[in-house]
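Note that my numbering numbers the sequence shown so that position 127 is 127, with each residue one more than the last.
Positions of the beta carbon are idealized from the N, C-alpha and C atoms, including for glycine.
Worksheet for the structure shown next.
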Amino acid sequence: MRLMLSFAALFLSIILLQFSLGGVGPLDALSGLVLNFTTTQIGLLGSAHFLGFFIGCWWSPRLMGSIGHSRAFAAFTALGTIGILGHVLTDNPYAWASLRIAQGICVAGCYTVIEAWLQAKVTNETRGRAMGAYRVTDMSASLAAQLIISVLEPAYYASYTLLAIICCAALLPLTLTRLKQPETPSAPRLNPALAWSRSPLAVAGVLVAALSSASFRMVGPIYGTGVGLATSQIAIFLAAFVAGGALSQYPMGWLADRYDRRWVLIWLSVAAIVSCVFTATVSGLPTFGIMFTAAIFGFTTFPIYSVAAAHAHDFADSSERVELSAALMFWYATGAIAAPWVASYLIETFGPGALFAMIAVGHALLVVFGVIRMRTGRSSDQKTPYVYAPRTSFQIGRLLSRSRNR
Numbered sequence: 001m002r003l004m005l006s007f008a009a010l011f012l013s014i015i016l017l018q019f020s021l022g023g024v025g026p027l028d029a030l031s032g033l034v035l036n037f038t039t040t041q042i043g044l045l046g047s048a049h050f051l052g053f054f055i056g057c058w059w060s061p062r063l064m065g066s067i068g069h070s071r072a073f074a075a076f077t078a079l080g081t082i083g084i085l086g087h088v089l090t091d092n093p094y095a096w097a098s099l100r101i102a103q104g105i106c107v108a109g110c111y112t113v114i115e116a117w118l119q120a121k122v123t124n125e126t127r128g129r130a131m132g133a134y135r136v137t138d139m140s141a142s143l144a145a146q147l148i149i150s151v152l153e154p155a156y157y158a159s160y161t162l163l164a165i166i167c168c169a170a171l172l173p174l175t176l177t178r179l180k181q182p183e184t185p186s187a188p189r190l191n192p193a194l195a196w197s198r199s200p201l202a203v204a205g206v207l208v209a210a211l212s213s214a215s216f217r218m219v220g221p222i223y224g225t226g227v228g229l230a231t232s233q234i235a236i237f238l239a240a241f242v243a244g245g246a247l248s249q250y251p252m253g254w255l256a257d258r259y260d261r262r263w264v265l266i267w268l269s270v271a272a273i274v275s276c277v278f279t280a281t282v283s284g285l286p287t288f289g290i291m292f293t294a295a296i297f298g299f300t301t302f303p304i305y306s307v308a309a310a311h312a313h314d315f316a317d318s319s320e321r322v323e324l325s326a327a328l329m330f331w332y333a334t335g336a337i338a339a340p341w342v343a344s345y346l347i348e349t350f351g352p353g354a355l356f357a358m359i360a361v362g363h364a365l366l367v368v369f370g371v372i373r374m375r376t377g378r379s380s381d382q383k384t385p386y387v388y389a390p391r392t393s394f395q396i397g398r399l400l401s402r403s404r405n406r
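Right under this line is the structure:
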């Protein structure tokens, strides 16, 4: 209990960051529709966010090493607040895209600081409890962030001002904590080729996970509007996706630890294809049916990143864990940058169902590649424990590395 109380400031900052920056994505999509942005321009906003996220993952460890944890967190939070408030000054979609880059940098930077702080304070005895509390906090806040747009009016200055205030409030817990600022860890070396050399299938799985999650989170509100959902219902629609993903972690982890992880990836993708095809082709579903399909979609796609990461770590030794986690995050960010823009272009050209058609094609390619790797690739004699791996920063590998070595 004392340990959890000592981390309360860090966890409260995570909650407030999720409430603010996690709500901007869907709010931007809905605001773009009100302001008559094209669907492709709305998708560009999502791609810009992940471009900023990638920049932040790369830059934040170096900034943290120069000025320390607290000052780096304050700088990133200020950048995110500027990115939110800037929305009320213009309705130009390309200006909004540049502001979303700032918000992406903020997300990656703040999570890098928090995860580095946690890594410095936990011990082998407390790591499990600390990581469990961290995952529950992050996932719960992410779920709540999707619901917050139900009370925010799109394209309205008060909505963005409120989110900016909450983002500013995230400064207070961490900067006022009495916890001693830890020593700055060295930045993990970024070697994308390491992930491919350890498991090409894991890289493919991470790319498809990015295709699924990034496009749905950023462009999903356009789909929801296209099938007739109200703003409050779109919030529940997105929350159902996150809830389905949260519920899948334990059963998918159980399967991934007991069976060949390549088969788990393949069958998850098969289930995702069925979900996508059903959603894209069946019309006239009641509201409950639309929410249920979103939950099933989250259930089948959310754990793919963690299963793929676990499969890659099966072929790595303990000295490579942090570097491999950073490499997998690189591939995820690369896929996430492109996915929202491509999805929005397809929706604009072919209609709302094209979102799920695109995702289904990505999973079909993963199934084919997985079967090929089953025939030509090697299997690992030893398995690392399945760990839910948040896609938050390159530093997450430091927190998870010892868990995988057990």
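Span of the alpha helix (DSSP H) around residue i
i	result
glycine 224	200–226
phenylalanine 241	231–258
valine 122	Here valine 122 belongs to no alpha helix (DSSP H), and DSSP marks it neither H nor E.
alanine 55	The question names alanine, but residue 55 in the sequence shown is isoleucine. 39–67 is the span of the alpha helix (DSSP H), which, as asked, contains isoleucine 55.
tyrosine 156	No alpha helix (DSSP H) contains tyrosine 156, which DSSP labels as neither H nor E.
threonine 384	Here threonine 384 belongs to no alpha helix (DSSP H), and DSSP marks it neither H nor E.
histidine 363	354–376
isoleucine 347	321–350
Alpha carbon of residue i to alpha carbon of residue j, nearest angstrom
i	j	result
leucine 176	proline 200	44 Å
tyrosine 111	isoleucine 165	19 Å
isoleucine 266	cysteine 106	34 Å
threonine 137	leucine 162	22 Å
alanine 326	leucine 30	33 Å
leucine 51	valine 322	22 Å
isoleucine 359	alanine 141	26 Å
threonine 40	leucine 99	17 Å
isoleucine 234	serine 319	44 Å
isoleucine 14	threonine 376	43 Å
alanine 144	proline 93	27 Å
threonine 293	lysine 180	46 Å
serine 60	leucine 118	16 Å
valine 34	threonine 225	11 Å
histidine 313	proline 192	14 Å
alanine 72	methionine 64	5 Å
lysine 121	glutamine 18	23 Å
leucine 355	tyrosine 223	8 Å
threonine 90	tryptophan 96	8 Å
alanine 295	alanine 240	5 Å
histidine 311	glutamate 115	23 Å
alanine 9	leucine 174	5 Å
isoleucine 148	arginine 135	20 Å
leucine 285	glutamine 146	22 Å
glycine 353	valine 277	9 Å
leucine 346	asparagine 36	17 Å
leucine 171	serine 232	29 Å
leucine 324	arginine 62	19 Å
Assigned secondary structure, residue i (DSSP; H/G/I helix, E/B strand, else coil)
i	result
arginine 71	helix
phenylalanine 76	helix
alanine 316	coil
proline 93	helix
glutamine 181	coil
serine 283	coil
leucine 35	coil
leucine 172	helix
phenylalanine 302	coil
proline 192	helix
glycine 109	helix
glycine 23	helix
phenylalanine 7	coil
Cβ-heavy atom distance, residue i to the ligand NAD, below 7 Å
i	result
alanine 310	This structure simply doesn't include the ligand NAD, nor any ligand for that matter.
Interface flag, residue i vs chain C, CB-CB below 8 Å
i	result
alanine 343	Reference to chain C is not applicable here, since this structure consists of a single protein chain.
I want to know whether the segment 44–53 touches the segment 336–343 - three or more CB-CB distances under 8 Å. The segment 44–53 vs the segment 336–343: in contact.
Counting Cβ pairs, one atom from each stretch, are 3 or more of them under 8 Å apart for the segment 240–249 and the segment 150–169? Result no; under three Cβ-Cβ pairs closer than 8 Å.
If you pair each beta-carbon of the segment 71–82 with each one of the segment 90–106, do three or more pairs fall below 8 Å? With the cut-off at 8 Å, the segment 71–82 and the segment 90–106 touch.
Stretch-stretch touch, CB-based, cutoff 8 Å, three pairs: the segment 250–259 with the segment 361–372: no
Any contact between the segment 213–220 and the segment 265–280? By contact I mean 3 or more CB pairs, one from each, below 8 Å. Verdict: no, contact absent.
Looking at C-beta atoms only, is the number of pairs between the segment 302–311 and the segment 205–214 that lie closer than 8 Å three or more? Three or more beta-carbon pairs drawn from the segment 302–311 and the segment 205–214 are found closer than 8 Å, and the two stretches are therefore classed as touching.
Measuring CB atoms only, is the segment 326–337 touching the segment 51–60, in the sense that at least three cross pairs come out at less than 8 Å? yes
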